[in-house]
Amino acid sequence: MLFLVNLINFLGFYMASTMAKDSNDQLMTLSKLRMFVDELQDMPRIKGYDVINGVHVPKSLKIGMYHKKWKFHRDLPASQVFAYGTSRHTATVPGPTIEAVHGVDSYITWQNHLPSKHILPWDPTIPTATTSFKMGIPTVVHLHGGIDEPQSDGHSEAWFTENFKHHGPKWTLKKYHYHNYQHPGTMWYHDHAMGLTRINILAGLMGAYVVQQPNVEGPLGLIYGEEYDRPLVVFDRGFSSDGSIYMNSTGNNPSIHPQWQPEYFGDAIIVNGKAWPYMNVKRRKYRFRIINASNARFFKFFFTNNMTFVHMASDSAYHETPVELHDLLLAPSEIADVIVDFSKSKSNSAILANDAAYPYPSGDPVNEENSKVMKFIINPNQEVQTGHIPQKLITYTPPEISQASNTRYIAFYEYASDIDEPTHLYINGKSFEAPVTEMPRVGTSEIWNIINLTEDNHPLHIHLGLFVVLEQIELVNIEEFKACMMKLNDAIKCKIDKYSHGKRTKVVLHEKGWKNVYKMMPGYVTKIFVKFSFIHSNESYPFDATAEPGYVYHCHILDHEDNVMMRPLKFVN
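FYI, in mature numbering (1 follows the signal peptide of the UniProt record, and there is no 0) the residues of the sequence shown are -20 to -1, 1 to 553.
Below, the structure written as C-alpha cells:
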C-alpha cells in the first residue's frame, strides 16, 4: 500500500522536480572553474542563549528552511538551494552556526518554508516520507551528537511540511528542546526525513552547533573568538552548466529503483558554501572544527606544505591529550576539532588537500578537482601568539568493560540485483519498519559487535549513545561466514568465533576516545563499548529517554541510510 501511495505521489512530485532539469541534465566539466577565487565565509552565528545581568539564561529561536539562490563559485551561475536561516534573506548554505552554553536550555522552532516541488529528483520505491501532490516537502531536523529527549531528536518519521500542515506518524512537537547538558564540543544539525535525507542535505540543509562550557574549557587556554575559531563544513557537489546542483535522475537499477544510486559523489569540494575557497591567515594558531557533511565522500586531509594538525576532539568529545597528525581521515558526518599553527609554515601559502578514494576504501583515486579542498594564504609577518595547546585536555571516565549489561551482534548486509548492482542495504537483515530489536536500558552500557559483510566502509552513527572503539578484527573465510549469515542472520549460530581471528587493526590514538560515529571497516568485526548515559557526569538524563518516538542508529552514508540502512532504537527502564 505504501508503495502505491508513493508511486501516485511520484507521478507529480518526481516529474515536477526533474522536468526542469531534463533539458539541462548535463554534468558540468569543473576544470573550467578556477580554484581559490572565492574567500572562505564564516557562517552567521546565532546564540542559543541570552545573557541577563551577566547570567546565561534559556532562549527560544525560530529558524526556517528556505528555497533561494546561492553562489557556490564566482564563475558559476547561482544555484537553487534549500537553506537554514532566520529569514530567506539571511539563510545560508551551510546554515548559521548555533552557539550554546552547557546547562542552558535552547528552544528551536524549525519552520518549513519549502515549496511544494523539490529541486532534486527523488525515488518513490524506497521507504520515503511523502505527502499528497503539492502538499509540501517533508523535513525534520536532527542535532547530530545531541543528547536530548526523543521528541526533539529529529526522528526520521517525525517529519513535517510547511506550517506543520502535514506530518509523519512519529511527529509530536513544533518547538524542540535542546538541554545542552552534555559535555562541551562540536556537533552539527541536518535534515533527517525518511528517504529524503540524502537529497534534502544535498540541497543545503545542514549547519554547525557548538556547546561551550566556559568553566571547563576556559582554564585550558584554548583559542576562542570568531576570527580564530572557525567551523569548516566540508562537502562535495556536482553542478550542471546552468549552475544547478547535479544529481543523477536515473538509478543504477532503474527497473527496481528509477533514481536511487548507492553513493553520491561530486568533484567540486565546498567549504562553508564556497567551492575551493581561500582564507587569509596570520602566522599564528587557528582552531578549525571540521565537519564532513558529504553524502558519501570520505576525506583524507593533509597540507601540501607538510604542516600538521593538532587533534583535540573527535566528534563531540575532547581527548585527554592532544595528538599531532600529518593527515586526517574523516568519514561522512565525522568531526575533527584541530589546531593548525601557521607560524610553522616555511611557505606563504598552503593547500588543504584530500587523498581518499571514493567510494572508500577501494574506489577511484582522487582527481585534479576533488583532491583540492581550500587554500590558506599566510601573512609573511610574524604574530604575537594568543591561545596555546595544553598538554592535558579533558579526562572522561574510561569504558568499564565489566559493567556492560548486554552484548549484541549487529550485521551489515548489502543486497544486489541479477546484474550485480546494489538494490538496498539492511542492518541485521531487517527493514526499518520491522519491529524494534535493540532495546537497551537507560543508564546502562553495552558491547556491540559490528559485523560488516559488505565491501564498503560504513560510518555507524548511534543517536543518543556515545561509544569507544575497542578493537577491529578481520573476518577469515568471509564468504563462508557470509553465506551462513545471509541464511540464518545469527552470528552465534554461524559460529562467529570461528571466523573472527584474522588481522587486528589498532584504533588510532586520536580515535580512542568517546565518539558518536565510527568507520566500520569492510570484512571486519568492530567491537564498541556503547554508553547510554553522560560521559562527564553520573547524573541521569534530564528527560525521559523511553518516550516515543524513540531513537535510531544507522549508516551515515546518506544514500545507504535512505535505502534503508537504519534501525529503530528504543529505550526501556
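Ideal Cβ placement from N, Cα and C applies to all residues, glycine included.
Per DSSP, reduced to three states, the secondary structure at isoleucine 476 is helical.
Two segments are said to touch when three or more pairs of C-beta atoms, one from each, lie closer than 8 angstroms; by this definition the segment 447 to 464 does not touch the segment 263 to 271. In the three-state DSSP reduction, isoleucine 32 falls in the strand class (E or B). Annotation: the segment 150 to 194 contains the following complete segments of the beta strand (DSSP E) (minimum length 3 residues), in chain order: 155 to 158, 165 to 171 and 186 to 192. In this structure, the CA atom of threonine 417 is about 44 angstroms from the CA atom of phenylalanine 283. Counting every other CB atom within 10 Å of its CB across the protein chains shown gives proline 529 a total of 16 or more, marking it as buried. With 16 or more other CB atoms across the displayed protein chains lying within 10 angstroms of its CB, serine 274 is buried. Beta-bridge pairing by DSSP links histidine 237 to Asn233.
Asparagine 334 is bridged by DSSP to Phe281. Ranked by Cα distance from arginine 14, the first of Tyr376, Leu41, Pro118 and His53 is His53.
Scanning Phe278, Trp102, Ser313 and Ala293 for the CA closest to the CA of serine 229 turns up Trp102. The three-state secondary structure of aspartate 400, taken from DSSP, is coil.
Fully contained in the segment 77 to 119 are the following beta strand (DSSP E) runs of length 3 or more, in chain order: 77 to 81 and 86 to 92. By the C-beta density criterion, leucine 549 is buried, having at least 16 other C-beta atoms within 10 angstroms. Tryptophan 428 has Arg388 and Ile508 as its beta-bridge partners, per DSSP. According to the DSSP assignment, lysine 462 belongs to the alpha helix (DSSP H) that extends over 458 to 468.
Excluding residues up to 5 positions away in sequence, Lys49, Trp50, Lys51, Phe52, Phe219, Gly223, Ser224 and Ile225 lie with their Cβ nearer than 8 angstroms to the Cβ of serine 59 in the same chain. The three-state secondary structure of phenylalanine 322, taken from DSSP, is helix. DSSP places histidine 540 inside the alpha helix (DSSP H), whose first and last residues are 538 to 541.
Residue burial annotation: threonine 108 is buried, with at least 16 other C-beta atoms found within 10 angstroms of its C-beta. Within its own chain, the residues whose Cβ lies closer than 6 angstroms to the Cβ of glycine 246, once the five positions on either side in sequence are excluded, are Asp216, Arg217 and Gly218, listed in chain order. The continuous stretches of beta strand (DSSP E) do not include glycine 201, and DSSP gives it neither H nor E. Here the alpha carbons of alanine 293 and glutamine 365 stand approximately 22 angstroms from one another.
A Cβ-Cβ contact shorter than 9 angstroms links leucine 455 with valine 505. In the three-state DSSP reduction, glutamate 142 falls in the helix class (H, G or I). Isoleucine 250: member of the beta strand (DSSP E) spanning 248 to 251, first to last residue.
In this structure, DSSP gives lysine 265 an extended state, which the three-state scheme calls strand.
Measuring C-alpha to C-alpha distances from arginine 264 to each of Thr288, Lys324 and Val318 identifies Lys324 as the nearest. The residue among His441, Gly187, Val353 and Ala311 with its C-alpha nearest the C-alpha of isoleucine 331 is Val353. With a cut-off of 8 angstroms on Cβ pairs, the segment 71 to 81 is in contact with the segment 153 to 170, counting three or more such pairs. Within its own chain, the residues whose Cβ lies closer than 7 angstroms to the Cβ of leucine 100, once the five positions on either side in sequence are excluded, are Ser(-4), Ile179, Leu182, Ala183, Ile225 and Met227, listed in chain order. The beta-bridge partner set that DSSP reports for histidine 438 consists of Met500. The C-beta of proline 378 has fewer than 16 other C-beta atoms within 10 Å across all chains shown, which makes the residue exposed. Within the model, the alpha-carbon separation for methionine 115 versus glutamate 413 is close to 24 angstroms.
With a threshold of 16 other beta carbon atoms within 10 Å, tyrosine 161 meets it and is buried. Linking isoleucine 26 to arginine 68 through their CA atoms gives a straight-line distance of about 15 angstroms.
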